[in-house]
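Heads up: the sequence shown runs through residues 1 to 1039, numbered per the UniProt record's numbering.
What follows is a set of notes on a single structure, which appears directly below.
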Amino acid sequence: MPSLEADQSPDSALHRWRTVFKSAFLRRIGAEALAVPLKQLYFEYTLSARAISDVLLGFQASKGAVDDPLLFHYAQHLLEASYISTGELLLALLERSSFATKPAKGNEGERISSGLPTCEERMFTLLAQLHLNGSLSLAAKDLHQAVYAISRWLRVVHERESNKQLNSDELLTLDTTTCGLYDALGTLALAILGNQSFRSVAKQKWWKQRRSLVVREMLHYDMHVLQWMQSQLSGRLQALTRMPPFVESDADGRPIISGEQVLESVTELPVAQTRAGLYIWLNACLCGRPLTDEMVMLSHLQARYNGDNQHVAVNLIVASFDVLANAYLKGGLPQRAKMIQSFLSNKVPLLLAMLSTFMPPGATMDGCIQIAFMQISMDALPPLEVGSANVREKLVQARFNFLRACALHQLMLESNISNILGEHVQLNKIPRFTKDGLVRQCSNNIGQIDGLLDHPTMMQGNAGAVSGCIVDTVNSLCFNKDTMSLKTLCNVLIKHIHDMDIVLQYSQPANLLQPLCALLNDWTHDQDQSEFTPAYEEYASILLFTLAIVHRYGLSEADAGVEGTDNVVFKLAKMDAANIPPSALTSDQSAQLSKWCEGLFATDEQGETSGISDEVMRQCPPQAFYKLVPTLFEQSVLACRSGALSVETFKSGIELLLEPFLLPSLVGGLGWVAQHSWEDHNDVDILLQLLEKLLKPSSSSQETQAMHRIVLDMVAPTLLRSLEGLLKKKPEKKATNTLIALLREHLSSTQTGHPTLSEVHDWASNTSGGLSQALRNNVRDLVSWASGVGPNPPARYTHKLYLTLAHLLGPEILIQLFAAEIKEHTLIGLGPQALDVCVSMICAPQVLPSNQTMSVRDGLQMTLSDTSQLLKKPLTHAEALVRLSRRVEAQLAAPQMAQMHLSLPMSQPSADQIMNFGLSDANAGSEAAASGGLGQPSEIGQLSSTDFQDANLDSALQAPTNFNGDGAQNASGDQNVPSADGNLFGDLDMQLDTTEPQIQLDTGDHTNNDAGKQDSANQPIDDDIFRDILGEMGGDFEF
1 MPSLEADQSP DSALHRWRTV FKSAFLRRIG AEALAVPLKQ LYFEYTLSAR AISDVLLGFQ
61 ASKGAVDDPL LFHYAQHLLE ASYISTGELL LALLERSSFA TKPAKGNEGE RISSGLPTCE
121 ERMFTLLAQL HLNGSLSLAA KDLHQAVYAI SRWLRVVHER ESNKQLNSDE LLTLDTTTCG
181 LYDALGTLAL AILGNQSFRS VAKQKWWKQR RSLVVREMLH YDMHVLQWMQ SQLSGRLQAL
241 TRMPPFVESD ADGRPIISGE QVLESVTELP VAQTRAGLYI WLNACLCGRP LTDEMVMLSH
301 LQARYNGDNQ HVAVNLIVAS FDVLANAYLK GGLPQRAKMI QSFLSNKVPL LLAMLSTFMP
361 PGATMDGCIQ IAFMQISMDA LPPLEVGSAN VREKLVQARF NFLRACALHQ LMLESNISNI
421 LGEHVQLNKI PRFTKDGLVR QCSNNIGQID GLLDHPTMMQ GNAGAVSGCI VDTVNSLCFN
481 KDTMSLKTLC NVLIKHIHDM DIVLQYSQPA NLLQPLCALL NDWTHDQDQS EFTPAYEEYA
541 SILLFTLAIV HRYGLSEADA GVEGTDNVVF KLAKMDAANI PPSALTSDQS AQLSKWCEGL
601 FATDEQGETS GISDEVMRQC PPQAFYKLVP TLFEQSVLAC RSGALSVETF KSGIELLLEP
661 FLLPSLVGGL GWVAQHSWED HNDVDILLQL LEKLLKPSSS SQETQAMHRI VLDMVAPTLL
721 RSLEGLLKKK PEKKATNTLI ALLREHLSST QTGHPTLSEV HDWASNTSGG LSQALRNNVR
781 DLVSWASGVG PNPPARYTHK LYLTLAHLLG PEILIQLFAA EIKEHTLIGL GPQALDVCVS
841 MICAPQVLPS NQTMSVRDGL QMTLSDTSQL LKKPLTHAEA LVRLSRRVEA QLAAPQMAQM
901 HLSLPMSQPS ADQIMNFGLS DANAGSEAAA SGGLGQPSEI GQLSSTDFQD ANLDSALQAP
961 TNFNGDGAQN ASGDQNVPSA DGNLFGDLDM QLDTTEPQIQ LDTGDHTNND AGKQDSANQP
1021 IDDDIFRDIL GEMGGDFEF
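Pasting the structure below:
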């Protein structure tokens, strides 16, 4: 009930106004009936607007009571009749409000409410309605007071809430009454400050001084009150501050727009999680050296699909098959297809096992696998097209291997394999290897690793354990300085150098190379030993394997974990290392060089070289010998050219370098030949005979042949260019043709992500616009496929094209190409898909070349930092640049490991084990295969249904399963994405000439059309593959 106790003031006017309102409340007189008496009263007893407001609000209900509705009717009449103004009423309301007084200490969060709207809320709502429907308008003379009153209200509410948040020990929650009050105040501020007529305030002098203060209060209230309470109005006051008259203006009254405001004015496109985006990203992971760290991959997948692990699992499987199908459709080297097939059959099940623990309730990994295969087709090519049957056969084989691996990791039931294949198949049991078990078995017989790398289950889920075994064994042998066993292991790995593409999917290069480089650099040469050839053989095998890894993946000292150590391996890896001039040789080096020349070229009475004696090697550690090799070659050629050494003796002596214990010396020696000038010396014939001898060894030993192939892999690129230059200058040297043909067979021996010259020519020749147009065509093909209007097989793609253009053309041109494609596709409604494709290329993992100083991301940041130049570009092009930059920054800003969404609480020990790529519960239903890090044994040995840690490895190696079957289901679907709402004040019925962008989040795939999936080539399986190595295989195993 309203308080009717009138204050008997000596002021007759105040007394008269109070008496009139008191009588009106008591007699329940409506506002319309009070119009004439109030007019007469105002004429006889004139009061200021503030005084009238105070009199009216004096009849406000006491704390906790309900206000009389007549109070608000009378207020409306007084406002419409101009007896009071908006500003005076708000200031009077604030003076009587609890917000105007500081609450008692400890009572900051106390609220007394009847559950109904407060007087402040109802008054704010009344004022907002009157201003929105045009019943009230602000005259120029009233603007200052109204702005002052609103700003004060925004400030006191913001300060009150901020203090409560800071002083509270608990998480504050707002009741509906308080939320309603704050929303009503925000609505009032928007109604007045956002009104079209309010822009005239810019003409008043006081506004220039007060503008920044008003903007500050608007921003604080929006960010710290509306956004904190998650109001529907949040963001709108901020948006209003970016419009006139709240933006700063110049002397002519034109707005001064900052670069940040220009960027924020660009509306966002919906987020599209296209099939092509993850397809591009996985292609980049497998483009050169495998960039497949589990945590990095899961972090990206979690961020891309917003923690939806079902989508992560399904799309990972689909994209992996897409990558494999692309490899088969493009052709290329068999080892690349094998690497991708291994990723699909071994790495993907490992990632799925890590995800399976975090699936939402009711979801299973088995179900995700079945859903994925509804989107995967085995027919990557039309049935009648040439090669379609071959590609289909390989994909079917890959599908079977993947399903067997999933069953091995307990991600699905074996009985469901037949359901997916569409026919019944007889499945033989296959063993599940563990890293620790293999390490124990192989520690007694290093040669068993040779059989493991050839074992069929390497493509059915066991590659992680085998890879971990290899890395751990190398580390253990290096730590124990067991160089004899390490030599045997390195010779095995040299023979399987292509399989290192699989091993490095589970380990960083430094885990493998750092102990090897340290061992080679600190090699101890004992001069008191009786025999030196074995030590040289050990050093040669270890060095050659290490050099082969460095060369194959283009690794730097930092990649190998030896940065800043001046390691001998990387000195020798630089094949352009100049020979040491005789004048620069130390006395020890001169003596060593003389001994080697004597050992290589000294002849007996029959003119035969006597060979390398122990005395030669005694005085020269192996690492010192390899540093002298370029000088040895140069001095030998000079001696032969001057006649001091016969050509036959020279050839016979150099042939000794083909012995296994000296074979790595060819890396430095042939490197010197490749850098040798063919014009300045008269030694062409001598060098050609030298190359003929060194490039075509006569050894029949498989071990020596494998080592020699590795050497040719390393020297082929530079030596081939040198010989091609010679042939152009001296076409009569026909022997060069044979050498060139031999070297060309070794050009595709690297996995660095760099294209061959023929690949670059193909890209440039297939389009009229050169490499730039080739990339644009690639983007269009991917967008077309991703949008569901393209062919079923995945668009042909190699990430090498993007990397090549980034290196050759630079980031700036590449950015403009992407912006042009995004702009064009946006005009036809495919902007989100084009944006996802371009962002996926830019954000894909890569190893930045040492000579590339700026990445595409850096180029984007520089482009957007110069807003003056950005504004000179066409609007659509500038918008494309801004959207591209935003999306790139958002994707690259994802945390190193996105938080997995757990369906159930998990104890700390379980979390610790998951971070070690294993789970503690053997019945968890999914486990992670071991990758095998340096000194970090995996938990996987505790998880497999058959534990081989203590079993005999001989009995673990079982014959593979024969199978056949195809059949795949195709499904397609798409998901519509809500469009951005451009009406900033739609629910307030405010008509403004500027709109605020609202970012809409896509919650699913835009396109899910069928596409050919990819898998890897399968080698013929020999049932007796281990018979000669490990003997007859043992009995069955219980799974």
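Beta carbons are placed, not taken as given, at the ideal position from N, Cα and C, and that holds for glycine.
For Q861, the enclosing alpha helix (DSSP H) has its first and last residue at V856 to S865.
Taking 9 Å as the cut-off, the beta carbon of V214 is found closer than this to the beta carbon of L193. Cβ-Cβ distances below 8 Å link M484 to P534 and E538 in the same chain, with the five nearest sequence neighbours on each side left out; the list follows chain order.
The DSSP assignment places no complete beta strand (DSSP E) segment of no fewer than 3 residues inside the segment 629-691.
For the options T267, Y305, L269 and G288, the alpha carbon positioned closest to that of G277 is the one of Y305. Rounded to the nearest angstrom, the gap between the Cα atoms of R216 and C179 is 22 Å. DSSP, read as helix, strand or coil, puts T603 in strand. As summarised for the segment 682-769, there are no continuous beta strand (DSSP E) elements at least 3 residues long confined to that stretch.
Counting along the chain, the unbroken alpha helix (DSSP H) around F400 starts and ends at S388 to L408. Judged by DSSP secondary structure, P117 falls outside any alpha helix (DSSP H); it is assigned neither H nor E.
If you ignore the 5 residues before and after C620, its C-beta comes within less than 6 Å of the C-beta of Q592, all in its own chain and listed in chain order.
For S377, the secondary structure class from DSSP, reduced to helix, strand or coil, is strand. According to the DSSP secondary-structure assignment, S98 is paired through a beta bridge with no residue. Setting aside the 5 residues that flank it on each side, G387 has no residue in the same chain whose C-beta is closer than 6 Å to its C-beta.
According to the DSSP assignment, C287 belongs to no alpha helix (DSSP H), since it is labelled neither H nor E.
Judged by beta-carbon spacing, D781 lies beyond the 9 Å limit of T274, meaning their Cβ atoms are not closer than that value. Distance from the CA atom of A149 to the CA atom of S12, rounded to whole angstroms, is 28 Å. Three or more Cβ pairs closer than 8 Å define a contact, and the segment 328-348 falls short of that threshold against the segment 815-825. Within the same chain, P621 come within 6 Å of H525 by CB-CB distance, once the 5 residues on both sides are set aside. Rounded to the nearest whole angstrom, the CA to CA distance from D762 to R886 is 34 Å. Within its own chain, the residues whose Cβ lies closer than 6 Å to the Cβ of K495, once the five positions on either side in sequence are excluded, are A706, listed in chain order. Put simply, of L90, C442, V503 and S583 the residue whose alpha carbon is nearest the alpha carbon of T488 is C442.
Q635 places its beta carbon 9 Å or farther from that of P717. Three or more Cβ pairs closer than 8 Å define a contact, and the segment 345-363 falls short of that threshold against the segment 417-434. Of K651, K347 and F661, the smallest CA-CA separation from E692 is found for K651.
Less than 9 Å divides the Cβ of L185 from the Cβ of V157. In the DSSP annotation of this structure, the continuous segment of the alpha helix (DSSP H) that includes E879 starts and ends at L875 to L892. In the three-state scheme derived from DSSP, where H, G and I count as helix and E and B as strand, A31 is classed as coil. Three or more beta-carbon pairs drawn from the segment 397-409 and the segment 346-358 are found closer than 8 Å, and the two stretches are therefore classed as touching. In this structure, DSSP gives R432 a state outside helix and strand, which the three-state scheme calls coil. Around the beta carbon of Q196, fewer than 16 other beta carbons sit within 10 angstroms, so the residue counts as exposed. Residue environment for K208: exposed (fewer than 16 other C-beta atoms within 10 angstroms of its C-beta). For P334, the secondary structure class from DSSP, reduced to helix, strand or coil, is helix. Contact between the segment 277-296 and the segment 822-830 is absent: fewer than 3 CB-CB pairs across the two stretches fall below 8 Å. Residue environment: M862 is assigned as exposed (fewer than 16 neighbouring CB atoms within 10 Å of its CB, all protein chains considered).
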